[in-house]
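Take a look at the structure set out below.
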Amino acid sequence: MTIRTRFAPSPTGFMHVGNLRTALYEYLIAKHEGGTFVLRIEDTDQERYVEGATDVIYNTLKTAGLVHDEGPDIGGSFGPYVQSERLGLYKPYAEQLVEEGKAYRCFCTKERLESLRAESEDGVTGYDRHCRDLPEDEIKANLDAGIPYVIRQKMPLDGVTEYDDLVYGHISFPNKDLDDQILIKADGFPTYNFANVIDDHTMNITHVVRGSEYLSSTPKYNLLYEAFGWDTPTYIHLPLIMGKSVDEDGKEVISKLSKRHGSTGFMDLVEEGFLPEAIINYIALLGWAPKDDREIFSLEELIERFEISGISKSPAVFDYDKLEWVNAEHIKAMTQEDFIKNCKPYFDQAGIGQEHYDLLTEILQPRVTRFTQIPEKLQFLTQYEQFDLALFEHKKSKSTQESSKAVLNDMLPALEAADWNREGLTEIMKSYAEAKELKNSVVMWPVRIAAAGVAVTPGGAAEVMMLLGKEETLRRIGESIARLNA
RNA sequence: GGCCCGUUGGUCAAUCGGCUAAGACGUCGCCCUUUCACGGCGGAGAGACGAGUUCAACUCUCGUACGGGUCACCA
């Protein structure tokens, strides 16, 4: 039997990394076994509908590279894949259970349910099963009177319901704690749980993969499968992803990942310069570990390596520092072609020509952790302010304003006469240092500072000068000499 | 509150009864060096607590504590 998993998001207009990771694992579990990954949109909540929200789902999956085999946009043999388009499907199943005495119509008003709850000591005690055994004639009278009703399932009053989860192991629940769950709401729509079971079954889903918040409602699902006489799917519950934040007292707290933990939306992270494949790589590691200690993977490699036995039970904290490192590793592993492709918009913006691409790749690739940092790193090319002359002082390089003045005075004519290439420029500085018996850095530091005007640059003096070009470099050095002399 | 689940360094994690408890991120130090990075080397840093089972327990069992989840005509 081939594995079929499904990602069943509700269109809320936002896809945070927790949802994405669920989708990822569903995808990986299916693909590792050559199975099928299905996308189903769960939009039975008319009140929460958000315009354009399904596009967010499509875009996220597409950007992340999680390609579904069946779904609303591409079809498949188990469609439709949008719950609002399958509405007619659910009620007959519920009616069937009513016929068989496994479910019943409940005419209780919301008000009654609320007062029930208010009267209970803990405020959370559920339904009292008031309508569970209504006499036939009363039911008929209520129906004739047009009193709205919901359909509830008759849960067993005693015994236990148990199941085996591939991650959490054997789990058992006392049935008496289970409410007579609502299958069909008063508006005729199915509840999420009910639609979920019907859809998973009719779509032949073999492995139900979802967050651990469903661990305790799974018995209810199983009781439904049982009522219909269907086989239950294999369950794989996933640990939650948590976030770190600071509370009003300045204390660090860890709680379920949400917006207050910064950018947790996949698209937000992409906008901040994180590569989709790096995000995928990182979140794959939140709750799963490979057998060896390798950490950098492409999606294809994840498919190959992913194993359910590697999924952990305890929640994981989302760590931006590690994401950043993973991102940097992906950048470093890029071919020059890919690297340049990602840099191109920023290079164009700074007016940098192709002749510099090789050099820029060399100096930028090892030090960029997100592409969005490039403008800042290249800012010195287009901006040259009246920087603080104290920049010429650098203890480790043994550079002072005095030494800088002397070096620049000598370097200016030498550079004027130079062929403008990297090796040549480096050679000029080095041989000058040697002749004067100075450390290389005593010469290169002031040249770099004078040329760039900032303390930190990608690349050293020669590289900075190459990027700047002869004319601009000499102009800047001249200006610096004038300022040092003043 | 009831029920369910979890708990190895700051974070992610390995360990399936033999532990002198891996590795990674972060952090600190040193080296390399043309600044900053990259890279190399090294340091600090962990089994929530208490009982029990066992020759042996991070690993199994039970309690306690703490954390999380769940108890909707939400999904």
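Here my numbering = 1-based position in the first sequence + 602.
Backbone N, C-alpha and C define an ideal beta-carbon position, used for all residues, glycine too.
Owing to the predicted nature of the structure, the values given are computational and were not obtained by experimental measurement.
- Per DSSP, the continuous beta strand (DSSP E) segment holding Asp767 begins and ends at 762-767.
- With distances taken between CA atoms, Asp782 lies nearest to Asp735 out of Asp735, Pro750, Asp746.
- Between the alpha carbons of Ile605 and Thr808 lies a distance of about 6 Å.
- Contact between Val658 and Met617 holds, with the beta-carbon distance rounding to 6 Å and staying under 8 Å.
- A distance below 8 Å separates the beta carbons of Tyr770 and Leu817.
- Every alpha helix (DSSP H) stretch that sits fully inside the stretch 706-794 and reaches 4 residues is listed by chain position as 712-721, 738-746.
- Cβ neighbours of Pro758 within its own chain (closer than 6 Å, five residues either side excluded): Asn777.
- The beta-carbon distance between Val799 and Tyr827, rounded to whole angstroms, is 6 Å. This is short enough to meet the 8 Å contact definition.
- The criterion of a C-beta distance shorter than 8 Å is not satisfied by Ala1053 and Arg1085.
- Residues Asn883 of the same chain have their beta carbon placed closer than 6 Å to that of Phe899, with the five preceding and five following residues left out of the count.
- The stretch 933-950 makes contact with the stretch 970-979: 3 or more CB pairs, one atom from each, lie closer than 8 Å.
- Comparing alpha carbon positions, the residue from Gly1055, Ala1037, Leu991, Ala1064 closest to Ala1020 is Ala1064.
- Excluding its 5 nearest sequence neighbours in each direction, Leu962 has no C-beta neighbour in its own chain below 6 Å.
- For Tyr837, the enclosing beta strand (DSSP E) begins and ends at 836-840.
- Taking 8 Å as the cut-off, the Cβ atoms of Ala696 and Ile786 count as close.
- In the displayed model, Ile898 falls within coil according to three-state DSSP, outside both helix and strand.
- In this structure, the CA atom of Ser686 is about 49 Å from the CA atom of Arg969.
- For Ile954, the three-state secondary structure derived from DSSP is coil.
- Residue environment analysis places Ala992 among the exposed positions, since fewer than 16 neighbouring C-beta atoms fall within 10 angstroms of its C-beta.
- Judged by beta-carbon spacing, Val928 lies beyond the 8 Å limit of Gly845, meaning their Cβ atoms are not closer than that value.
- The beta carbons of Val1044 and Lys997 sit no closer together than 8 Å.
- The Cβ atoms of Leu699 and Ala829 lie closer than 8 Å to each other.
- Taking a 10 Å sphere around the C-beta of Gly953, we find fewer than 16 other C-beta atoms and assign the residue as exposed.
- Secondary structure at Glu672: strand, using DSSP grouped into helix, strand and coil.
- If you check the CB distance, Leu983 and Leu1076 do not come in under 8 Å.
- By the CB criterion at 8 Å, Glu995 and Gln1003 fall inside the cutoff.
- Leaving aside the five residues that flank His634 on each side, the residues in its chain whose CB is nearer than 6 Å to its CB run, in chain order, Ile905, Phe908.
- Per DSSP, reduced to three states, the secondary structure at Arg608 is strand.
- For the pair Ile913 and Pro878, the Cα-to-Cα distance works out to about 22 Å.
- Excluding five sequence positions before and after Asp766, the CB atoms of its chain that fall closer than 6 Å to its own CB belong to His772, given in chain order.
- Exclusion of the five residues before and after Asn744 leaves Phe709 as the residues of its chain whose Cβ lies within less than 6 Å of its Cβ.
- Annotation: Asp746 to Leu641 spans about 41 Å, alpha carbon to alpha carbon.
- Of the other Cβ atoms in all chains shown, fewer than 16 fall within 10 Å of the Cβ of Arg714; this residue is therefore exposed.
- Less than 8 Å separates the beta-carbon of Thr662 from that of Leu622.
- Just measuring C-alpha positions, the residue of His803, Trp890, Arg972 sitting nearest Asn944 is Arg972.
- Here the alpha carbons of Ile885 and Thr763 stand approximately 33 Å from one another.
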